[in-house]
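Quick mapping for you: the protein sequence lines, in order, are chains A and P.
So the first sequence is numbered by my numbering: it starts at 82 and just counts up by one.
So the second sequence is numbered by my numbering: it starts at 3 and just counts up by one.
Even glycine gets a Cβ: it sits at the ideal position worked out from N, Cα and C.
Since the model is a prediction, treat every value here as computed from it, not as a measurement.
Written below as structure tokens is the structure these notes are about.
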Amino acid sequence: MTFGTTDKTISVLTYTLFALFALMCVYPFYYIIINTISANDISARGEIIFYPRHIHFQNYLDVFKIPGLWNATLISLERTLLGTLLTVGASAFLGFMFTQEDMWGRRFWYRFTILTMFFNAGIIPWYLTMRTLHLTNNFLAYVLPAIVAPFFIILVKTFVESTPKELQQAASIDGAGLLTLFFRIILPISKPILATVAIFAAVDQWNSFQDTLLLVTDSKLFSLQFILYNYMNQASSLSTMVNLQNAGSTAMASLATKQTTTSIRMTVTIIVVAPILLVYPIFQRFFVKGIMIGAVKG
Amino acid sequence: MHTQAYGRRRVSIRKFLYILPFMVLLATFAYYPLYGWVYAFFDYMPPTPLSHSPFVGLKWFRSLVENPVKVNQLLQVIKNTFGISGLYLLFSWLPMIFAVFLSEIKAMRFRRIVQTVTTLPNFISWVLVYSLAFSMFSSEGMVNGLLKQLGLIDSPVLFLQNSEHVWITMWMWQTWKTLGWAAILYIAAITGIDESLYEAARVDGATRMQAIRHVTLPSLLPTYFVLVMLQIASFLNNGMEQYFVFQNAFNKDSIQVLDLYVYNLAMGGGSYSVSVAISMLKSLISVVLLFSVNGLSKLIRGESIV
């Protein structure tokens with residue numbers, strides 16, 4: 082639409098404000114990235130603000146010398162892969178099953194599922210229950226509770242309901258059983274919505290912090306998010322440790338590549354955020370689609 | 003006839019059996035924890051198991067209103083919860099305004115970039131937000147470095163260890179993280195507005211601001227109403243992650259919201275029973291709130307939210 086040019090000032094003001102806020106959203110990431118690849122001594126003095134100086138990548142090799150970081154990376158990857166797979170599978174199946182009008186107690190079980198979005202017992206009762214189920218210090222605690230996810234089930238159900246009924250009917254007349262119908266018809270046509278669910282589920286798994294905090298004391302099961310939180314407080318002792326290791330092996334580390342509190346903290350931060358930064362621009366449209374469909378009531 | 007009905011019933015039951023394992027999972031992780039509420043009625047001190055703990059009835063609930071120390075603490079926590087949730091509610095229109103003005107921008111490239119960039123923070127964890135905050139605002143962070151270089155300060159400003167303005171800073175981080183994402187719903191709604199309404203407005207000689215006021219905003223109000231209702235329903239549920247990562251010895255008094263307080267009581271202080279008692283009250287009040295706003299919505303719009 083076009084209106085009179087009387088609102089020029091407002092125009093300029095909106096552009097400026099949006100540009101400013103966009104900058105605020107992206108600059109912290111940029112700031113940390115340029116600091117991890119700059120000379121560590123300059124970076125520690127807080128002098129890297131606009132562009133990197135004396136670029137090197139030693140930090141990214143060094144942080145993996147911290148005991149536990151590599152293991153935590155694996156744990157985070159495992160829970161993300163396995164958790165996403167199970168959540169997407171279950172959401173697809175349940176979303177489809179809840180469209181089956183002749184299922185016994187369909188309305189009740191659907192409500193039973195959806196209600197959990199609005200109500201929970203609270204974090205401590207949940208913790209106490211998980212303990213009685215022996216799900217503390219247990220990898221399964223990362224994936225089992227996430228399998229049945231009401232929001233994703235709503236997304237799939239809404240999608241399946243929007244597809245032509247004739248497809249399912251035709252397959253049924255051809256003698257396809259329920260599972261054949263699901264695997265041969267429903268899964269292929271639901272691909273777009275399942276991609277959305279997958280991306281949401283993966284981000285949730287990768288970002289999850291609270292379950293480790295509550296349920297895990299065994300450092301072999303620590304996730305990357307949890308380790309980053311711990312490192313925030315221990316960065317200075319960790320940097321000393323890495324420096325000692327380096328002093329033994331390679332030639333004398335120069336000041337530029339010697340680990341500092343800042344370099345350790347920032348490099349780990351980038352490792353934890355990297356998957357999101359890489360995946361997000363590619364899949365942004367899936368995220369957007371998710372919230373649009375979710376907005377339509379289930 | 004009889005066998006046909008029987009067959010249909012069998013199919014119906016079989017379909018249910020397919021979803022049964024999932025319903026068991028859901029019951030275990032979403033409903034069974036309700037049983038954890040019984041801890042509120044016992045004097046539970048780990049490692050003594052619940053079966054050997056003395057039953058104390060409503061002792062913990064009474065202590066919440068009778069024990070002066072506890073009452074004071076709880077009042078402060080409730081004040082924090084109301085303060086932070088209240089701020090959030092007060093500015094609940096921000097995403098709508100964000101969307102309205104973003105949609106006014108005609109340079110599509112600029113618009114897309116702004117939208118992509120501002121939704122990004124929603125997808126990083128609170129631990130990462132804290133790490134970014136630390137890099138920017140700690141005593142050796144970027145902001146203090148810059149201020150020092152400009153000669154504006156001699157000693158670093160302790161932004162993160164500040165006990166003042168905690169509610170506002172927490173609201174600001176929350177807004178930084180979620181504003182762009184929350185705006186998407188409204189952007190979608192704006193795309194759906196009939197273009198002819200704007201044409202008519204222009205024929206009538208409306209300025210851009212008048213078109214926004216009389217066409218765009220009224221079309222967005224139903225969405226806004228639903229979101230505000232949901233926000234009221236979750237007034238007591240701030241979640242604990244944000245406040246947990248940002249809490250320190252200096253800001254603890256003004257950052258403890260109910261969810262964090264419940265966690266600190268149990269996992270920090272070992273007072274499981276009191277913590278469960280508070281948790282239980284909180285859940286019950288939240289349910290009442292949800293039903294109230296749902297009823298209100300039915301009354302006003304003739305449509306339920308849930």
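Counting of Cβ neighbours within 10 angstroms places P/Phe125 among the buried residues, the total reaching 16 or more.
Contact annotation: in the stretch 331-355 of chain A, residues whose CB is within less than 9 Å of a CB in chain P are Thr342, Thr343, Arg346, Met347, Val349, Thr350, Val353 and Val354.
In the three-state reduction of the DSSP assignment, P/Phe93 falls in the coil class, being assigned neither a helical nor a strand state. Under the 8 Å Cβ criterion, the stretch 242-257 of chain A does not count as touching the stretch 190-210 of chain A, having fewer than three qualifying pairs. Cβ proximity to chain P below 7 Å picks out Ala171, Leu175, Met178 and Gln181 from the stretch 157-181 of chain A. The C-beta distance from A/Val144 to A/Val353 rounds to 11 Å, too long to fall under 8 Å, and the pair is not in contact.
When rounded, the separation of the alpha-carbon atoms in P/Gly85 and P/Gly241 is 15 Å. In the structure shown, the three-state DSSP call for P/Phe57 is strand. Rounded to the nearest whole angstrom, the CA to CA distance from P/Gly207 to A/Ile91 is 18 Å. Contact between A/Arg160 and A/Ser304 is confirmed by a C-beta separation of about 7 Å, below the 8 Å threshold. Pairing A/Val237 with A/Val278 gives a Cβ-Cβ distance under 8 Å. Look at P/Val58: its C-beta is not under 8 Å from any C-beta on chain A. Close to chain P, meaning a Cβ-Cβ distance shorter than 8 Å, are the following residues of the stretch 217-232 of chain A: Leu225, Pro226, Ile228 and Val229. Taking the CA atoms as reference points, A/Leu325 sits about 33 Å from P/Gln151. Counting of Cβ neighbours within 10 angstroms places P/Gln163 among the exposed residues, the total staying below 16.
Judged by DSSP in its simplified three-state form, P/Phe44 adopts strand. In the structure shown, P/Gly9 adopts helical secondary structure according to DSSP, grouped into three states. Excluding sequence positions up to five before and after A/Phe177, its CB lies within less than 6 Å of the CB of Val241, Phe263 and Ile267, all in the same chain and listed in chain order.
In this structure, P/Trp62 sits near P/Ser275, with a CB-CB distance shorter than 8 Å.
For the stretch 105-159 of chain A, there is no continuous beta strand (DSSP E) assignment of 3+ residues that stays within its boundaries.
Looking from the CA of P/Lys179, the closest CA among P/Trp169, P/Val131, P/Val159 and P/Gly194 belongs to P/Val131.
Flagged as an interface residue toward chain P: A/Leu209, by a C-beta distance shorter than 8 Å. Under a criterion of Cβ atoms nearer than 8 Å, the residues of chain A adjacent to P/Phe125 are, in order, Val284, Asn288, Ile357, Tyr361 and Phe368.
For A/Ala153, no CB of chain P lies under 8 Å from its own CB, so it is not counted at the interface with that chain.
When DSSP states are grouped into helix, strand and coil, P/Ser165 belongs to the coil group. For the stretch 268-300 of chain P, the set of positions with a beta-carbon nearer than 8 Å to some beta-carbon of chain A reads Ala268, Met269, Tyr274, Ser277, Val278, Ser281, Met282, Lys284, Ser285, Ser288, Val289 and Leu292 in chain order.
Interface flag for P/Arg10 against chain A is set, since a Cβ pair is found closer than 8 Å.
At least one C-beta of chain P is nearer than 8 Å to the C-beta of A/Asn201. By the Cβ-count criterion, A/Trp287 is buried, with 16 or more other Cβ atoms from all chains shown falling within 10 Å of its own Cβ. Nearest to A/Thr95 by alpha-carbon distance, out of P/Phe57, P/Ser105 and P/Leu91, is P/Ser105. Contact of A/Gln326 with chain P is not assigned, every C-beta pair being separated by 8 Å or more.
In this structure, DSSP gives P/Ile189 a helical state, which the three-state scheme calls helix. Exposure of A/Phe138 is indicated by the presence of fewer than 16 other C-beta atoms within 10 angstroms of its C-beta. By the rule that beta-carbons nearer than 8 Å mark a contact, A/Gly256 does not touch chain P. For P/Gly297, the enclosing alpha helix (DSSP H) covers residues Tyr274 to Arg303.
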